[in-house]
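> Chains A and B supply the protein sequences, listed in that same order. Going letter by letter, the first sequence gives residues 1 to 198 in full-length UniProt numbering. Going letter by letter, the second sequence gives residues 1 to 198 in full-length UniProt numbering. Yeah, the Cβ is synthetic: ideal placement off N, Cα and C, and Gly gets one too. Let me give you the structure first, and then I'll get to my questions.
2 protein chains.
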Amino acid sequence: MSDATALTADRILDTAEEVLRRYGPAKATVLDVARALGVSHGSVYRHFSSKAALREAVAERWLARVSTPLIEVATNPEPAPQRLRRWLAELSGTKRRMAREDPELFDNFHQLATLSEGAVANHLEVLAGQLSMIVADGVAAGDFSVPDAAVAGRALLQATARFHHPSHRTEWNEPGLDDDLEAVVALLLDGLRARPAG
Amino acid sequence: MSDATALTADRILDTAEEVLRRYGPAKATVLDVARALGVSHGSVYRHFSSKAALREAVAERWLARVSTPLIEVATNPEPAPQRLRRWLAELSGTKRRMAREDPELFDNFHQLATLSEGAVANHLEVLAGQLSMIVADGVAAGDFSVPDAAVAGRALLQATARFHHPSHRTEWNEPGLDDDLEAVVALLLDGLRARPAG
């Protein structure tokens with residue numbers, strides 16, 4: 001009874017992550033998580049109404065670990081060009097560190113996320129939104145000139161996919177990756193600075 | 001005997017592709033291909049000295065089907081900005097068409113290619129080289145201003161990975177993909193046009 005009252009959504013998600021870490025995405029179901037918690041699956045269903053809902057919540061929490069710390073960079077008062085450079089380096093660095101430190105868990109989370117289209121789409125919106133904010137600040141300060149900060153933010157995220165999208169994780173050990181990121185970012189920054197062609 | 005004399009490298013590669021199409025990358029071995037051709041594996045080894053050599057040759061031929069037609073675009077006399085735009089659209093379009101027309105074969109070739117690091121590295125060099133040539137032409141004509149055409153060509157290829165790299169194939173059905181490509185290319189073209197910041 002005391003266990004049932006202490007069964008918060010957070011505790012369920014902690015356990016779901018542990019199940020995911022140990023057994024992979026196929027076992028991160030309501031039933032398996034309930035078993036690991038020693039509670040009835042009805043108790044878990046009270047918080048997550050389906051396997052898909054639980055999966056989305058696990059994916060969201062994982063993705064938020066990437067996007068939330070970036071808010072500090074995105075809202076930093078430094079000039080937009082430096083801020084943009086630092087934000088992209090940090091996104092890429094965080095993903096690469098996660099993949100390097102625990103490759104198996106990273107793969108498990110990635111597989112789970114690919115099944116959680118809503119969570120991934122939302123995550124990409126959040127990241128593109130932070131980039132758009134930096135671009136808009138740069139336009140306001142006269143550093144950048146773009147017709148549409150939202151479109152530019154989305155384009156910046158996509159143009160740097162090789163350096164942060166998990167589909168490219170097998171390429172992240174290649175030598176020269178930081179030089180490659182630097183070259184791509186330099187070209188993109190020049191693009192933001194340019195006056196649109198008439 | 002007449003069969004043995006007609007056993008060219010091209011005929012072996014045709015058969016290897018057929019085996020790959022039907023049975024997947026694990027079966028595209030010298031032994032399986034020899035069996036499909038009705039010849040001894042020694043006859044195949046005379047052309048390809050190992051499983052890896054055969055695999056590389058199959059991957060190279062497949063990748064050349066993408067890069068070779070692009071030479072015509074890269075060397076076209078039209079102005080570099082239009083040419084660059086057309087080249088990137090054609091690379092993306094070719095990959096997406098191949099993935100759409102025969103998804104299973106595309107996956108098999110992709111798996112085979114990921115095992116053929118040399119062939120892939122060479123393919124990326126070829127593509128980046130074509131882009132660098134267009135950039136250099138643009139610099140010579142006064143359309144572009146970049147410090148290093150080779151670095152810019154490589155950056156252009158990487159910044160557009162989402163639209164041609166097979167790791168992104170599951171995203172190629174998303175609505176708005178052409179608009180996304182257009183936004184990324186517009187930003188990159190502005191970057192090439194810009195004077196480097198002092």
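1) Using a C-beta to C-beta distance shorter than 8 Å, which residues of chain A count as neighbours of H168 (chain B)?
2) Going by DSSP in three states, R162 (chain A) sits in which element: helix, strand or coil?
3) Strictly below 8 Å CB to CB, what residues from chain B border R154 (chain A)?
4) Which residues in the same chain have their Cβ closer than 7 Å to the Cβ of S2 (chain B), if we skip the five residues on either side of it in sequence?
5) Comparing alpha-carbon positions, which option in A:E125, A:T170, A:R85 and A:A113 lies nearest Q111 (chain B)?
6) Would you please verify whether the beta carbon of D190 (chain A) is less than 9 Å from any beta carbon of chain B?
7) To the nearest angstrom, report how far apart Y45 (chain B) and L105 (chain B) are at their CA atoms.
8) Strictly below 8 Å CB to CB, what residues from chain C border L31 (chain B)?
9) Between the segment 17-27 of chain B and the segment 178-196 of chain A, are three or more C-beta pairs nearer than 8 Å?
10) Can you tell me whether A80 (chain B) is buried or exposed? The criterion is at least 16 other CB atoms within 10 Å of its CB, across all chains shown.
11) I'd like to check one pair, V33 (chain A) with A52 (chain A): are the Cβ atoms closer than 9 Å?
12) Whole angstroms are fine: how far does the CA of W62 (chain B) sit from the CA of R162 (chain A)?
13) Return the CA-CA distance between R96 (chain B) and T8 (chain A), expressed in angstroms with no decimal places.
14) Can you list, in chain order, the residues of the segment 72-99 of chain A whose Cβ is nearer than 7 Å to any Cβ on chain B?
15) Looking at the structure shown, is W172 (chain A) part of a helix, part of a strand, or coil, going by DSSP?
16) Take G198 (chain B) and list the residues in its own chain whose beta-carbon comes closer than 8 Å to its own, dropping the five residues that flank it on each side.
Put simply:
1) In chain order: A161, H165 and S167.
2) In the structure shown, R162 (chain A) sits in a helix (DSSP, three-state: H, G or I).
3) Within chain B, the residues near R154 (chain A) are D180 and A183.
4) Legend: pLDDT at S2 (chain B) = 47, less than 50; position of this residue unreliable, value from coordinates given subsequently. Around S2 (chain B): no qualifying Cβ.
5) Of the residues A:E125, A:T170, A:R85 and A:A113, the one whose Cα lies closest to the Cα of Q111 (chain B) is A:T170.
6) Yes, D190 (chain A) counts as interfacial toward chain B.
7) Going by the C-alpha atoms only, they are around 25 Å apart.
8) Within the model displayed, chain C is absent; protein chains A and B are what it includes.
9) These segments do not touch.
10) Classification of A80 (chain B): buried, given that the 10 Å Cβ count is 16 or more.
11) Contact: no.
12) When rounded, the separation of the alpha-carbon atoms in R162 (chain A) and W62 (chain B) is 23 Å.
13) Answer to the nearest angstrom: the Cα atoms are 45 Å apart.
14) If the cut-off is 7 Å between Cβ atoms, the segment 72-99 of chain A has nothing near chain B.
15) In this structure, DSSP gives W172 (chain A) a state outside helix and strand, which the three-state scheme calls coil.
16) Note that G198 (chain B) has pLDDT 46, beneath the 50 cutoff, so the model's placement of it is unreliable and no number is given.
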